[in-house]
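Here the structure comes first, spelled out in structure tokens, and everything after it is commentary.
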Amino acid sequence: MSSAAVSPTDSLPAAAARTVVHKFGGTSVADAGRYRHVAQLLLAREEDVQVTVVSAMKGVTDGLIEVARLAAAADPAWETCWRQLRERHHDAAVALLGEHAATTLAWLDARFTRLHDVLAALAVIGELPQEVLDRVQGLGEVFSAHLLGHHLQALGEDADVLDARDVLVVNHGELGVDVDWAASAAKLALWRQSHPARRLVVTGFVARDGKGHTTTLGRNGSDFSGAIFAALFAADELHIWTDVDGVLSADPRVVPEAVQLEALSYDEACELAYFGAKVVHPQTMSPAIERGLPIIIRNTFQPQHPGTRITAVSAGAGPIKGLTLSPDLAVLNVEGTGLIGVPGTAERVFAALRTAHVSVVMISQGSSEHSICCVVRHSEALRARDALTQAFSHELAAGQVQQVQLTEGVSVLAAVGDGMAGQPGVAARLFEALGRAQVNILAIAQGSSERNISVAIAARDATKALRAAHAGFWLSPQTFSVGVIGPGNVGAALLEQLRAAQPQLLARARLDLRLRAVVARRGMLLEPCAVAGDWKAAFEAAMQPTDLDRFTEHLLSARLPHTLIVDCSGSAEVADRYPAWLAAGIHVVTPNKQAGSGPLARYQAIRDAAAATGARFRYEATVGAGLPVITTLRDLVDTGDAVTAIAGIFSGTLAWLFNKYDGSVPFSQLVTQARAMGYTEPDPRDDLSGVDVARKLVILAREAGHDLSLEDVAVESLVPAALQQASVEDFMARLQDVDAGFDERLAAAKARGNVLRYVARFAPGQAPSVGLVELPGDHAFANLRLTDNVVQFTTRRYCDNPLVVQGPGAGPEVTAAGVFADVLRVAAGEGARL
Ligand code: ADP
Ligand code: ASP
Ligand code: MG
Numbered sequence: 001m002s003s004a005a006v007s008p009t010d011s012l013p014a015a016a017a018r019t020v021v022h023k024f025g026g027t028s029v030a031d032a033g034r035y036r037h038v039a040q041l042l043l044a045r046e047e048d049v050q051v052t053v054v055s056a057m058k059g060v061t062d063g064l065i066e067v068a069r070l071a072a073a074a075d076p077a078w079e080t081c082w083r084q085l086r087e088r089h090h091d092a093a094v095a096l097l098g099e100h101a102a103t104t105l106a107w108l109d110a111r112f113t114r115l116h117d118v119l120a121a122l123a124v125i126g127e128l129p130q131e132v133l134d135r136v137q138g139l140g141e142v143f144s145a146h147l148l149g150h151h152l153q154a155l156g157e158d159a160d161v162l163d164a165r166d167v168l169v170v171n172h173g174e175l176g177v178d179v180d181w182a183a184s185a186a187k188l189a190l191w192r193q194s195h196p197a198r199r200l201v202v203t204g205f206v207a208r209d210g211k212g213h214t215t216t217l218g219r220n221g222s223d224f225s226g227a228i229f230a231a232l233f234a235a236d237e238l239h240i241w242t243d244v245d246g247v248l249s250a251d252p253r254v255v256p257e258a259v260q261l262e263a264l265s266y267d268e269a270c271e272l273a274y275f276g277a278k279v280v281h282p283q284t285m286s287p288a289i290e291r292g293l294p295i296i297i298r299n300t301f302q303p304q305h306p307g308t309r310i311t312a313v314s315a316g317a318g319p320i321k322g323l324t325l326s327p328d329l330a331v332l333n334v335e336g337t338g339l340i341g342v343p344g345t346a347e348r349v350f351a352a353l354r355t356a357h358v359s360v361v362m363i364s365q366g367s368s369e370h371s372i373c374c375v376v377r378h379s380e381a382l383r384a385r386d387a388l389t390q391a392f393s394h395e396l397a398a399g400q401v402q403q404v405q406l407t408e409g410v411s412v413l414a415a416v417g418d419g420m421a422g423q424p425g426v427a428a429r430l431f432e433a434l435g436r437a438q439v440n441i442l443a444i445a446q447g448s449s450e451r452n453i454s455v456a457i458a459a460r461d462a463t464k465a466l467r468a469a470h471a472g473f474w475l476s477p478q479t480f481s482v483g484v485i486g487p488g489n490v491g492a493a494l495l496e497q498l499r500a501a502q503p504q505l506l507a508r509a510r511l512d513l514r515l516r517a518v519v520a521r522r523g524m525l526l527e528p529c530a531v532a533g534d535w536k537a538a539f540e541a542a543m544q545p546t547d548l549d550r551f552t553e554h555l556l557s558a559r560l561p562h563t564l565i566v567d568c569s570g571s572a573e574v575a576d577r578y579p580a581w582l583a584a585g586i587h588v589v590t591p592n593k594q595a596g597s598g599p600l601a602r603y604q605a606i607r608d609a610a611a612a613t614g615a616r617f618r619y620e621a622t623v624g625a626g627l628p629v630i631t632t633l634r635d636l637v638d639t640g641d642a643v644t645a646i647a648g649i650f651s652g653t654l655a656w657l658f659n660k661y662d663g664s665v666p667f668s669q670l671v672t673q674a675r676a677m678g679y680t681e682p683d684p685r686d687d688l689s690g691v692d693v694a695r696k697l698v699i700l701a702r703e704a705g706h707d708l709s710l711e712d713v714a715v716e717s718l719v720p721a722a723l724q725q726a727s728v729e730d731f732m733a734r735l736q737d738v739d740a741g742f743d744e745r746l747a748a749a750k751a752r753g754n755v756l757r758y759v760a761r762f763a764p765g766q767a768p769s770v771g772l773v774e775l776p777g778d779h780a781f782a783n784l785r786l787t788d789n790v791v792q793f794t795t796r797r798y799c800d801n802p803l804v805v806q807g808p809g810a811g812p813e814v815t816a817a818g819v820f821a822d823v824l825r826v827a828a829g830e831g832a833r834l
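Per full-length UniProt numbering, the sequence shown starts with residue 1, numbered consecutively.
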């Protein structure tokens, strides 16, 4: 190859000089290693002019504010605090610069000595003037810029450090920080004449005011510094480097499922930032908007990730881009009949707040004008209340204004997106999601730009609300905190079915059923996150004493939008808990017949609690296991049909026994066989007594709207009185005593061309009964598969030809599937895409 070969770029037309401004947040510059990483990242780029704005090392600004406060309070701890800050910078300089560290260390020492003098003076005067605080809290950026700048120089780069206090002039106005563009540009041009380096490292956060005093751009202000210098340098792009992949649909610390947004409009980014998305400072957008400068938010730890591009246009599907929370707020409500139709009330409210220097985060007024409500910062709330009480003192005295009410502990949840403009149903979706998660809304506001809907809520609901809304807009799956009680046959089968279905539910239905607790009689397992995989092993490893109060608390503590308890126990005590659970908004799904067939008062309390909160109580699997018996009955009733009779065979065990029983094998032997095959309860008397069938009949009658109790049902027990108290073994041994009686009844029935079946019957106005009856050989109940259940509904619509639900009505697998189906119905009701 000839030595005269041209480099590939020589043949390209000369591109206009490219200037890119980078801003690295404190999260990107925590220690020497991170500075080195940042330097490598910068050196790998090819822009012609590279301006890098840096924040203080992570936590340093907080540390500086703390040390100033301690000193001003004459707390001797300030010395230690100061020493720690000095050491941290010292250590970083040594680790970063090695043999080149001497000048930087001397430079740092001089700064820290001066800081020490300032702090000592504060300790003497015993107060902290804003001007001094500004000077102290901005030092972290000065140190940080020098560390990175000196490192680049030590690497032999053509680099310089620009202390923004030397060029940036700002004023603090009512609307925040105002940049004096002309003065700043002039100073920068002058500075540039003597500092022509290709790479510049600039201090973020700090500036000087019109009087020449050091000031700052407010917490998180280095993003704003980045945008200001991008404007001053007429940059082509601003890259804001942080510790996440860009702007996410919600704060990832609250909503771990938050998704990264590829693109945002300036307006969207503004709203998100203003309402608390810490990832970018709200004022950052203004210098960019004027120049159409693209802002790219990206991850220092994943430099290859494209990040989020913020430009003039919005892109992406869905009406909502992101959700944010603003914490530490309060609601003020001015309320009174005297306000109705009186012009100028709102103006008086705002004038009063303005005079008191209270900034209003959100306003809302009902069209009745009966009240006006505003959201203010918690720190300004008392001042705001006093100002309003003062402003309306006349009306308060005259009774035209009833009160100025202050509610503290408030957060504002904001949903943001350009796509919501002109699209109906967005607010509905938000309110629905919040309502379902039992979040009460204190006030609502929608900007007329229709880019933002904000709701004020109690701070204690904030996390749950954000997650519920996030899922409500399908930005993340609908998530349920799930607890299962009674991991016996059905419970264990359910847990297995849940585990197996999980991936598909997540992927296809965006439904996340997070098993977080399993309760057995002998102990319980409470997991912080979710029991993934083998719950049995986890149960044995981390079992603790069973305590249903702790279990409930644990399920609610996750602050997931929805909580669901599946009760697979047969326990009445657990059923006693249902009303309180439902009242707390917890859904209850169960195959336990206790609630549906137990005392009417409890049943009513359960219904009332569910109606009050909208939490659901479902128990399809109590009758006919997985068969859709109760759902069918509900549909009949809900559509206005009237049930005139319910009859059927509700026990798979009894169905099998009488289907088999033709006289060839004695009845007692069939019971023994059924027991051996697992068709009966461990004590077959539980089946033969008929009580279980009677319970199912009560459940169905109640569902059809009748106040039936178990005592009202005439139950024919197939267990002779003499054997009721015996042990199971005794009972089985003496069961043949019943054979003769059964043979007689069978013979009599056969003589009439009939068969024997154990049937339950209910009809309004007639005595409900459960017992052994003779049916004609061609009756529907006489011709079933061996263990099938059958339920027959005669209604006004289905009068000549009753509606029949029939099929296998027992077994852990199908029962668990019935329970699972109920769980999914609850989830669908909460917005899962099933
Ligand atoms: P830096 O020091 O880089 O300026 P910040 O801590 O100020 O970093 O901001 C980045 C953090 O903002 C992220 O780590 C994240 O936890 C938080 N954050 C809050 N809301 C959002 C959001 N909507 N998108 C991305 N990050 C967010
Ligand atoms: N260091 C400043 C702060 O912590 C500014 C910034 O990091 O953006 O607020
Ligand atoms: Mg920041």
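Glycine included, each C-beta is placed from N, C-alpha and C at the ideal position.
None of the values given here were measured: they were computed from a predicted structure.
In the DSSP assignment, N754 falls within the unbroken beta strand (DSSP E) covering N754 to F762. Secondary structure within the segment 227 to 282: the alpha helix (DSSP H) runs of 4 or more consecutive residues, fully enclosed, are 266 to 274 (chain order). For the pair E553 and W241, the Cα-to-Cα distance works out to about 40 Å.
Look at V206: its beta carbon is at least 6 Å from all of the heavy atoms in ligand 1. Taken in chain order, the complete alpha helix (DSSP H) segments of 4 residues or longer contained in the segment 81 to 128 are 101 to 125.
Excluding sequence positions up to five before and after V826, its CB lies within less than 7 Å of the CB of L564, H587, V589, R616 and R618, all in the same chain and listed in chain order. Apart from the 5 residues on each side of it in sequence, L155 sits with its Cβ closer than 8 Å to the Cβ of A39 and L43 in its chain, given in chain order. Residue burial annotation: L175 is exposed, with fewer than 16 other C-beta atoms found within 10 angstroms of its C-beta.
When beta bridges are read from the DSSP output, A517 appears opposite G483 and L526. Taking a contact to require three or more Cβ pairs closer than 8 Å, the segment 504 to 522 and the segment 589 to 607 do not qualify as touching. Fewer than three Cβ pairs drawn from the segment 65 to 78 and the segment 275 to 283 lie within less than 8 Å of each other, which leaves the two stretches out of contact.
A distance criterion of 6 Å places the beta-carbon of G25 in contact range of ligand 3, judged by its closest non-hydrogen atom. By the beta-carbon neighbour count (other beta carbons within 10 angstroms, threshold 16), R796 is exposed. Per DSSP, reduced to three states, the secondary structure at V401 is coil, with no helix or strand assignment.
With contacts defined by Cβ atoms closer than 7 Å, L406 and R385 form a contacting pair. Judged by DSSP in its simplified three-state form, P776 adopts strand. Beta-carbon to beta-carbon, A701 and V715 are separated by about 14 Å, too far to satisfy the 8 Å threshold.
Where Q806 is concerned, the enclosing beta strand (DSSP E) starts and stops at L803 to P808. Contact annotation: the segment 53 to 61 touches the segment 21 to 28, with at least three C-beta pairs closer than 8 Å. A distance criterion of 6 Å places the beta-carbon of N220 in contact range of ligand 3, judged by its closest non-hydrogen atom.
Boundaries for A458: no alpha helix (DSSP H) harbours it, while the beta strand (DSSP E) harbouring it runs N452 to A458, taken from the DSSP string. Counting only unbroken stretches of 4 or more residues, the alpha helix (DSSP H) elements lying wholly within the segment 179 to 227 are 181 to 194, in sequence order. In terms of Cβ geometry, V805 and L627 form a close pair [threshold 7 Å].
Under the DSSP assignment, M732 falls in the alpha helix (DSSP H) whose first and last residues are V728 to R734.
Distance from the Cα of V623 is smallest, within the candidate group G486, Q792, E540 and A500, for Q792. Linking F229 to D160 through their CA atoms gives a straight-line distance of about 15 Å. Residue environment: N783 is assigned as exposed (fewer than 16 neighbouring CB atoms within 10 Å of its CB, all protein chains considered). In the assembly as shown, D549 is an exposed residue. Its beta-carbon has fewer than 16 other beta-carbons within 10 Å. Nearest to L697 by alpha-carbon distance, out of E99, V759 and V755, is V759.
Rounded to whole angstroms, the separation of the alpha carbons of L555 and S481 is 6 Å. If you check the CB distance, A391 and A443 do not come in under 7 Å. Checking the 6 Å criterion, the Cβ of S28 is out of range of every heavy atom belonging to ligand 2. A direct Cα-Cα distance of roughly 21 Å separates Y661 from L723.
D788: member of the beta strand (DSSP E) spanning D788 to T795, first to last residue. A direct Cα-to-Cα measurement between E711 and P599 gives close to 10 Å. Comparing alpha carbon positions, the residue from L190, G138 and P303 closest to G221 is G138.
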